[in-house]
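K.L.:
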Amino acid sequence: MALLETDGLTKSFGGLVAVDDVDLAIEEGESISVIGPNGAGKSTLINLVTRMLDASEGDISFKGDSILHDEPHEVVQKGVSRSFQTASIFPELSVEENAQIAALAAEHGSFKLNFLRHRNNYGEVDRLARRTLDAVGLLGQRDVAAEDLPYGDKRRLELGIALASEPDLLLMDEPTAGMSPEETADTVKLVEQVKEELDLTILLVEHDMEVVFNVSDRIVVLNRGSVIAEGSPEEVQGDPDVQEAYLGG
Ligand code: ADP
Ligand code: MG
């Protein structure tokens, strides 16, 4: 059984079919990348899986059960997390407080409603926060205000926040967008490291084919909402349809 499976997944915005009949199966432990030109439907696919958007047709299952009608927080609780989201950090809070809030929110879903009720459960929240900060190498900076972290460490914290829910599947939408080559290399290294350490399955969405070739077991190429190629980096790279989709924009 695949960890994540989409079956005929389709999303239309009015007359535009952004994701068109996509069948995807991601096995546990796999690193899979979804690539494709701008507007191919990559972010929409992620938004469907995280339940930020309702599908128009098809199904999505995680660990064998449909999550098609779940709330976003329910999907998080089941083990799907998304990283490198802008505004996931509370700048004035410490690194550790940011991780604790993320752990608490993941544990209890509707964090605002449940905060008081569950505040005697700090032991577990603390454990998750520490584990997470350790995994992203920020334990030593736990008392620093998030806003005072250097750029690279902020990205580490964003990843840490996503990991505080103890996900099985980590989704990333263009995590290295706007980064320098050095920052990109650091991020790739960090993601590979936490993948090992925490036994993650990874779905990476990426515009840049260069970035994914080193890290992916398998690549799925989207163009105008449809899967046009799928395979190892070598297979995909040599595919004429893929080359045309990229060159043709
Ligand atoms: P990618 O991430 O691959 O660049 P997107 O998934 O963001 O592509 O977008 C796919 C297509 O769907 C694009 O044509 C985009 O303009 C359109 N689209 C995305 N989100 C919306 C939305 N909320 N409303 C209308 N059209 C959208
Ligand atoms: Mg996108």
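If you read the sequence shown in the working numbering, its first letter stands for residue 1, the second for the next number, and so on.
Glycine residues also receive a C-beta, built at the ideal position from the N, C-alpha and C atoms.
Reducing DSSP to helix, strand and coil, say where T132 ends up.
P.N.:
Three-state result, T132: helix.
K.L.:
Looking at the structure shown, is E124 part of a helix, part of a strand, or coil, going by DSSP?
P.N.:
helix
K.L.:
So which residues put a beta carbon under 5 Å from any heavy atom of ligand 1, going in chain order?
P.N.:
F13, A18, N38, G39, A40, G41, K42, S43, T44
K.L.:
Between which two residues does the alpha helix (DSSP H) carrying I47 extend?
P.N.:
Before going on, a small fix: residue 47 reads as Asn here, not Ile. Residues 42-49.
K.L.:
Identify whether D20 lies in helix, strand or coil by the three-state DSSP scheme.
P.N.:
strand
K.L.:
Leaving out the 5 sequence neighbours to the left and right, which residues in its chain are closer than 6 Å to Q141 when beta-carbon positions are compared?
P.N.:
V95
K.L.:
Would a C-beta distance cut-off of 8 Å place P67 and R218 closer than the cut-off?
P.N.:
Reading off the sequence shown, one finds Ile at residue 67, where the question assumed Pro. Cβ distance not < 8 Å, so I67 and R218 don't count as in contact.
K.L.:
L169 and T201 - do their beta-carbons sit closer together than 8 Å?
P.N.:
yes
K.L.:
In this structure, how does DSSP classify D65 when only helix, strand and coil are distinguished?
P.N.:
strand
K.L.:
Would K42 be called buried (16 or more neighbouring beta carbons within 10 Å of its own) or exposed?
P.N.:
buried
K.L.:
Can you tell me where the beta strand (DSSP E) with F84 in it begins and where it stops?
P.N.:
Run containing F84: none; DSSP gives neither H nor E here.
K.L.:
Is G137 helix, strand or coil when you go by DSSP?
P.N.:
G137 falls in the coil class under three-state DSSP.
K.L.:
Looking only at C-alpha atoms, which of V194, L149, L171, E206 sits nearest to D134?
P.N.:
Checked all of V194, L149, L171, E206; the closest Cα to D134 is V194.
K.L.:
Assuming the contact rule is C-beta atoms closer than 8 Å, I161 and A87 should be a hit. Round their C-beta distance to whole Å, please.
P.N.:
Going by Cβ atoms, the distance from I161 to A87 rounds to 11 Å, so no, they are not a contact pair.
K.L.:
Taking C-beta to C-beta, are A164 and F90 nearer than 8 Å?
P.N.:
Contact flag unset, no.
K.L.:
Report back the beta-carbon spacing between V212 and I35 to the nearest angstrom; my notes put them in contact at under 8 Å.
P.N.:
6 Å
K.L.:
What would DSSP say about A162, mapped onto helix, strand or coil?
P.N.:
helix
K.L.:
Look at the alpha carbon of E197 and the alpha carbon of L171, and state the distance between them as a whole number of angstroms.
P.N.:
So the two alpha carbons sit approximately 17 Å from each other.
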